[in-house]
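Chemist:
There are 2 protein chains.
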Amino acid sequence: MHELFTVLPPGEAFATFGRGCSPVDRSEIVPLEAALGRVLAVDVPAHETLPAFARSTMDGYAVRAADTNGASEQSPAYLRLVDDVPTGVVPLRSVGPREAVRTHTGAMIPPGADAVVMVEDTNQTGDEIEVLAAVAPGEDVLVIGEDIVAGALAVPAGRRLRAADLGGLAALGVTQVTVWAQPRVAILSTGDEVVPIGAVPGPAQVRDVNATTVAAVVAQAGGIPVPCGIAPDDAAQLEAALRAARDGADAVVLSAGSSVSVRDLTAQAVARLGPPGVLVHGIAIKPGKPTVLAICSGTPVVGLPGNPASALVVAWRIVRPLVRLLAGERVDADGLGDERELSAVLDVPVPSRPGREDFRPCTLARSADGALHATPVFGASNLIFTLIRADALIAVPLDRSGLAAGETVRVIVP
Amino acid sequence: MHELFTVLPPGEAFATFGRGCSPVDRSEIVPLEAALGRVLAVDVPAHETLPAFARSTMDGYAVRAADTNGASEQSPAYLRLVDDVPTGVVPLRSVGPREAVRTHTGAMIPPGADAVVMVEDTNQTGDEIEVLAAVAPGEDVLVIGEDIVAGALAVPAGRRLRAADLGGLAALGVTQVTVWAQPRVAILSTGDEVVPIGAVPGPAQVRDVNATTVAAVVAQAGGIPVPCGIAPDDAAQLEAALRAARDGADAVVLSAGSSVSVRDLTAQAVARLGPPGVLVHGIAIKPGKPTVLAICSGTPVVGLPGNPASALVVAWRIVRPLVRLLAGERVDADGLGDERELSAVLDVPVPSRPGREDFRPCTLARSADGALHATPVFGASNLIFTLIRADALIAVPLDRSGLAAGETVRVIVP
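Read top to bottom, the protein sequences are chains A and B. Taken in order, the first sequence gives residues 0 to 413; the numbers are from numbering that gives the first Met the number 0. Taken in order, the second sequence gives residues 0 to 413; the numbers are from numbering that gives the first Met the number 0.
#1: Where are the beta strand (DSSP E) runs, 3 residues long or more, that stay fully inside the stretch 311-376 of chain B, in chain order?
#2: Tell me whether D398 (chain A) is buried or exposed, calling it buried when 16 or more other Cβ atoms sit within 10 Å of its Cβ.
#3: Select from the stretch 344-368 of chain A all residues with a C-beta closer than 8 Å to any C-beta belonging to chain B, and list them in chain order.
#4: Rounded to the nearest angstrom, what separates D66 (chain A) and V100 (chain A) at their Cα positions?
#5: Confirm the yes/no value for this check: CB of L35 (chain A), any heavy atom of the ligand FAD, distance under 6 Å.
#6: Residues of chain B with CB closer than 7 Å to the CB of D146 (chain A), please, in chain order.
#7: Look at the Cβ atom of T298 (chain B), then the Cβ atom of R245 (chain B), and state whether they are nearer than 7 Å.
#8: List the whole-angstrom C-beta distance separating G87 (chain A) from Q236 (chain B), where the pair is believed to meet the contact cut-off of C-beta under 8 Å.
#9: Tell me the DSSP secondary structure of S260 (chain B) in three-state form.
#10: What residues in its chain sit with their C-beta under 7 Å from that of L264 (chain B), if we drop five residues either side in the sequence?
#11: Could you tell me the boundaries of the alpha helix (DSSP H) in which A243 (chain B) lies?
#12: Rounded to the nearest angstrom, what separates N381 (chain A) and P360 (chain B) at their Cα positions?
#13: Ignoring anything shorter than 3 residues, give me the beta strand (DSSP E) runs that lie fully in the stretch 40-125 of chain B, in order along the chain.
#14: Have a look at L3 (chain B) and T15 (chain B) and give me their C-alpha separation to the nearest angstrom.
#15: Below 9 Å on C-beta distance, what does E98 (chain A) contact in chain B?
#16: At the level of alpha carbons, what is the spacing between G201 (chain A) and I143 (chain B)?
#17: Roughly how many angstroms lie between the CA atoms of Q267 (chain A) and V252 (chain B), to the nearest whole one?
#18: Considering just the uninterrupted stretch of the alpha helix (DSSP H) at I186 (chain B), what are its terminal residues?
#19: A250 (chain B) by DSSP, collapsed to three states: which one?
#20: Roughly how many angstroms separate the alpha carbons of S74 (chain A) and T104 (chain A), rounded to a whole number?
#21: Ends of the alpha helix (DSSP H) at V208 (chain B)?
#22: What does the alpha-carbon distance come out to for the pair G10 (chain B) and L7 (chain A)?
#23: Should H1 (chain A) be flagged as near chain B, meaning a C-beta pair shorter than 7 Å?
#24: Buried or exposed: which applies to R79 (chain B), given that a residue is buried once 16 or more other Cβ atoms fall within 10 Å of its Cβ?
#25: Look up L272 (chain A) in the DSSP assignment and say whether it is helix, strand or coil.
#26: Quick test of your reading: K285 (chain A) and F358 (chain A), contact by CB under 8 Å. State the CB separation rounded to the nearest angstrom.
#27: List, in chain order, every chain B residue whose beta-carbon is nearer than 9 Å to that of D82 (chain A).
#28: In terms of alpha-carbon separation, which member of A:D82, A:G197, A:L91, A:A149 lies closest to G125 (chain A)?
#29: How many angstroms separate the CA atom of L321 (chain B) from the CA atom of A214 (chain B)?
#30: My output table needs one value for L7 (chain A): the three-state DSSP class, helix, strand or coil.
#31: Quick check on V269 (chain A) - is its C-beta less than 7 Å from some C-beta in chain B?
#32: Note down the Cα distance separating E406 (chain A) from A389 (chain A), rounded to an integer number of angstroms.
#33: With a cut-off of 7 Å, does the C-beta of L341 (chain A) fall near any C-beta of chain B?
#34: Which same chain residues end up closer than 7 Å to A133 (chain B) when comparing Cβ atoms and leaving out the 5 residues on each side of it in sequence?
#35: I'd like the span of the beta strand (DSSP E) that includes I411 (chain B), first residue to last.
#36: So for I387 (chain A), helix, strand or coil by DSSP?
Written out as structure tokens, the structure is:
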């Protein structure tokens with residue numbers, strides 16, 4: 000196959016690719032305490048109403064609000080203390096006219112009462128309560144169903160579960176949840192010059208950095224990295240390794256050399272994996288242009304450039320949203336929009352060439368007024384140690400020939 | 000102990016507390032593939048120089064740059080092709096004057112050559128290479144040590160390891176790293192009205208939401224949550240439960256009711272755990288004011304409010320930076336400054352009362368121009384399901400009586 004190199008902008012490339020990808024269709028049941036970061040597979044409705052009983056939100060006295068009408072420091076209302084209801088205790092009697100029951104934050108409101116006068120607005124002498132401020136009905140009372148009512152949607156399917164979501168489920172007594180299985184992502188490195196990281200490279204050889212970085216990106220995005228080793232630059236062996244990698248995987252990520260001959264070899268091997276084959280051959284992104292995106296008999300395949308820094312940038316831009324999509328999360332069509340995209344004020348100008356999305360490593364710092372500032376890191380963007388010195392990447396849009404100092408720019412925190 | 004309620008702003012509260020906390024002093028050795036998100040305990044220097052050999056960054060011809068002086072389409076330079084060096088192969092001969100060696104992206108540059116002419120700027124006829132553009136010395140060559148030189152700091156101690164850091168370590172052949180042990184954080188709930196999430200609450204009882212949410216915040220911050228159950232509102236039993244929780248823990252987080260009597264009980268039990276005891280009693284934050292921060296015989300103790308939403312907000316604001324600090328990460332004195340703090344444009348005004356940091360649940364959305372917009376979520380901020388509907392929290396500063404529509408505000412993505 001001759002390399003056509005139909006280069007697409009990254010958003011368009013992901014959209015083309017993502018349309019052919021669907022979430023894994025395997026779900027599993029996990030205990031709530033193991034569900035952090037997992038993606039909910041089904042809507043979870045509330046099967047209870049919360050709170051299940053009216054609760055006080057203050058220390059004070061449960062009263063009939065009408066009995067405090069017009070009360071003030073100058074003209075207090077006087078009520079008779081008839082009970083004290085601690086938290087966790089069911090009131091034994093109701094609150095009648097001109098009566099008050101001592102209540103505590105979180106305690107059940109007795110029948111008859113419809114408001115709480117906070118203790119700071121009262122004086123108590125024996126069983127006489129002097130009320131120094133009027134309260135409205137409902138004041139400082141959490142009413143039944145104020146948090147959620149039975150039948151309402153508690154947490155929606157597709158939600159990557161956060162602390163608050165788990166809290167809401169715990170409140171409802173949900174102790175296990177049905178989540179999507181984590182997508183298994185096979186990771187294959189290729190290249191005659193590549194050796195495992197535990198090996199001592201011979202002359203002209205390099206260690207397999209991409210297996211490590213891609214696995215980290217996959218894991219962070221909620222996938223399970225499946226290491227598949229290193230294949231040589233040989234058509235038959237590469238194809239065999241790709242087929243083995245695909246076996247049992249929900250996606251395959253391979254990294255290959257960036258030379259044209261190796262890219263051709265890779266694209267051909269990917270094309271032979273199954274239809275429709277290669278969808279995108281080249282992305283208008285720097286670093287990372289020589290990227291291949293394919294769907295082969297239903298399995299998404301990403302061919303990353305061999306250069307470790309380029310591979311990592313494309314892993315962030317393409318593999319991360321792919322894994323989130325496979326994991327059952329809602330992902331924007333262009334693959335952007337996760338919460339790790341920030342805005343920052345650029346400290347120095349950044350030159351760029353229009354026609355490609357340029358990712359420049361930068362440090363981030365907050366100024367005294369709280370504004371986030373981005374400063375490009377010295378060093379070539381195709382070196383892994385430039386990325387190590389960086390906190391984030393400045394994304395120079397496709398249509399811009401550079402960014403000006405003082406401009407608010409988009410930064411991506413990997 | 001009488002409750003003094005010396006309420007401090009959150010930043011000052013964390014600073015007072017954090018000064019008494021030190022990172023865990025236990026380290027462990029983990030394989031590189033298990034090191035994502037762990038905090039490096041020692042500086043890792045490069046023990047090798049990378050790249051170890053000069054490499055081509057393009058497909059083309061390795062040449063002596065001087066031989067291309069003045070070359071152009073109109074007046075090409077002519078060189079003789081003497082070799083082809085694929086990636087992973089050691090060149091057998093050097094490049095002499097007016098000679099060229101075919102090279103490939105990532106391949107070793109032969110001795111004698113000091114630049115690469117990319118293939119697009121050449122024509123080849125037999126062993127004659129026509130060079131259509133001059134190249135400068137070093138052009139399209141990655142020189143020895145351009146990524147890192149032996150002896151330089153590769154990754155600094157205190158770094159929470161990211162994909163790029165692991166990649167740099169992999170490139171150097173570092174297959175295991177010394178990281179700080181993850182801090183063990185004991186989580187204790189208290190309250191006569193609180194039952195485990197698997198139980199059916201009786202009348203006036205509620206489920207223990209905080210054990211779940213606090214564990215999630217601890218885990219996300221890099222700690223190991225250690226569940227310690229529920230203690231009743233009884234001085235002796237609470238103290239015994241606190242002592243048991245502290246045993247083997249690097250920190251204790253308890254959540255207690257928010258009524259004054261229960262808060263007093265909790266503060267007294269914490270004070271008896273050891274000197275110096277309670278440092279902060281009350282934080283100027285909404286929700287979450289009734290928070291206790293203590294150091295007891297060297298162990299940090301956080302007393303959260305019992306209300307689940309309040310407890311979660313304080314867990315984000317105080318427990319998260321505490322865990323990061325204990326985990327060996329560098330944390331700002333005020334506990335802020337992690338990457339989950341964003342700026343957004345506020346869509347509608349938010350009223351607030353000066354004198355406290357007000358955290359308002361909001362949704363986030365990106366407008367067509369890429370700007371992030373924050374819209375407050377309808378519902379009381381002390382309800383857990385309000386937090387579930389939210390993407391983030393708008394932080395209204397202490398000194399502001401509300402925020403205006405259109406203002407750029409600080410939001411915290413938990």
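For glycine and all other residues, C-beta sits at the position ideal for the given N, C-alpha and C.
Modeler: With the given structure in hand:
#1: 340-345, 356-365, 371-375
#2: As a working mapping, residue 398 (chain A) is identified with position 399 in the first sequence. The residue in question, D398 (chain A), is exposed, as its Cβ has fewer than 16 Cβ neighbours within 10 Å.
#3: L363, R365
#4: Here the question's residue 66 (chain A) lines up with position 67 in the first sequence. Here the question's residue 100 (chain A) lines up with position 101 in the first sequence. Spanning the two alpha carbons is a distance of roughly 13 Å.
#5: Within the structure as shown, the ligand FAD is missing, as the structure has no ligands at all.
#6: Here residue 146 (chain A) is taken as the residue at index 147 of the first sequence, counted from 1. Near D146 (chain A) (Cβ distances below 7 Å), the residues of chain B are L382, I383, F384.
#7: Here residue 298 (chain B) refers to the residue found at position 299 when the second sequence is read from its first residue. Here residue 245 (chain B) refers to the residue found at position 246 when the second sequence is read from its first residue. Their beta carbons are under 7 Å apart, which means T298 (chain B) touches R245 (chain B) by this criterion.
#8: Sequence index remark: in the first sequence, residue 87 (chain A) carries index 88 (1-based). Sequence index remark: in the second sequence, residue 236 (chain B) carries index 237 (1-based). With a Cβ gap of about 14 Å, G87 (chain A) and Q236 (chain B) do not count as contacting.
#9: Along the second sequence, one-based indexing puts residue 260 (chain B) at 261. Three-state result, S260 (chain B): helix.
#10: In the second sequence, residue 264 (chain B) corresponds to position 265, counting from 1. D232, A234, L237.
#11: What you label residue 243 (chain B) is simply residue 244 of the second sequence in a count that begins at 1. Where A243 (chain B) is concerned, the enclosing alpha helix (DSSP H) stretches over 234-245.
#12: The residue labelled residue 381 (chain A) in the question sits at position 382 within the first sequence. The residue labelled residue 360 (chain B) in the question sits at position 361 within the second sequence. Spanning the two alpha carbons is a distance of roughly 40 Å.
#13: 59-62, 76-83, 98-102, 114-117, 121-124
#14: Here residue 3 (chain B) refers to the residue found at position 4 of the second sequence. Here residue 15 (chain B) refers to the residue found at position 16 of the second sequence. Note on L3 (chain B): pLDDT 47, under 50, position unreliable in the model; the coordinate value appears next. Answer to the nearest angstrom: the Cα atoms are 17 Å apart.
#15: Sequence index remark: in the first sequence, residue 98 (chain A) carries index 99 (1-based). Those do not exist, as E98 (chain A) stays about 20 Å from chain B at its closest Cβ, beyond 9 Å.
#16: For the purposes of this step, residue 201 (chain A) is identified with residue 202 of the first sequence, where counting begins at 1. For the purposes of this step, residue 143 (chain B) is identified with residue 144 of the second sequence, where counting begins at 1. Cα-Cα distance, rounded: 15 Å.
#17: Locating residue 267 (chain A) in the first sequence gives position 268, counting from the first residue. Locating residue 252 (chain B) in the second sequence gives position 253, counting from the first residue. Computed Cα separation, rounded: 57 Å.
#18: Your numbering for residue 186 (chain B) matches position 187 in the second sequence. Per DSSP, I186 (chain B) belongs to no alpha helix (DSSP H); it is in the beta strand (DSSP E), 183-189.
#19: Position 251 of the second sequence, counted from the first residue, corresponds to residue 250 (chain B). Strand.
#20: Looking up residue 74 (chain A) in the first sequence gives position 75. Looking up residue 104 (chain A) in the first sequence gives position 105. Spanning the two alpha carbons is a distance of roughly 27 Å.
#21: Translated into positions along the second sequence, residue 208 (chain B) becomes position 209. That run of the alpha helix (DSSP H) goes 208-219.
#22: Taking the second sequence and counting its residues from 1, the one referred to as residue 10 (chain B) is at position 11. Taking the first sequence and counting its residues from 1, the one referred to as residue 7 (chain A) is at position 8. Those two C-alpha atoms are separated by around 47 Å.
#23: Within the first sequence, residue 1 (chain A) is the residue found at index 2, counting from 1. At H1 (chain A) the pLDDT is 39, less than 50, meaning the model places this residue with poor confidence; the figure from the coordinates comes in the next sentence. By this cut-off, H1 (chain A) is not an interface position.
#24: Within the second sequence, the letter at position 80 stands for residue 79 (chain B). Burial call: exposed.
#25: Residue 272 (chain A) sits at position 273 when you count from the first residue of the first sequence. The answer is coil: DSSP assigns L272 (chain A) none of H, G, I, E or B.
#26: Taking the first sequence and counting its residues from 1, one reaches residue 285 (chain A) at position 286. Taking the first sequence and counting its residues from 1, one reaches residue 358 (chain A) at position 359. Their Cβ separation, rounded to whole angstroms, is 7 Å, which keeps K285 (chain A) and F358 (chain A) in contact under 8 Å.
#27: Translated into the one-based positions of the first sequence, residue 82 (chain A) becomes position 83. By Cβ distance, chain B contributes nothing, its closest Cβ being about 13 Å from D82 (chain A), past 9 Å.
#28: Position 126 of the first sequence, counted from the start, is the residue given in the question as residue 125 (chain A). Looking at the Cα atoms, A:D82 is the closest of the given residues.
#29: Locating residue 321 (chain B) in the second sequence gives position 322, where the first residue counts as 1. Locating residue 214 (chain B) in the second sequence gives position 215, where the first residue counts as 1. So the alpha carbons of these two residues sit roughly 14 Å apart.
#30: Here the question's residue 7 (chain A) lines up with position 8 in the first sequence. Reduced to three states, the DSSP call for L7 (chain A) is strand.
#31: Counting from 1 along the first sequence, the entry for residue 269 (chain A) is found at position 270. By this cut-off, V269 (chain A) is not an interface position.
#32: The residue labelled residue 406 (chain A) in the question sits at position 407 within the first sequence. The residue labelled residue 389 (chain A) in the question sits at position 390 within the first sequence. Straight-line Cα distance between these residues: approximately 19 Å.
#33: As a working mapping, residue 341 (chain A) is identified with position 342 in the first sequence. Chain B, which has a Cβ nearer than 7 Å to the Cβ of L341 (chain A), makes this yes.
#34: Counted from its first residue, the second sequence places residue 133 (chain B) at position 134. Excluding positions up to five away in sequence, the list reads T67, N68, G69, A70.
#35: By one-based count along the second sequence, residue 411 (chain B) stands at place 412. Where I411 (chain B) is concerned, the enclosing beta strand (DSSP E) stretches over 407-411.
#36: Here residue 387 (chain A) corresponds to residue number 388 of the first sequence, with the count starting at 1. Three-state DSSP puts I387 (chain A) in a helix.
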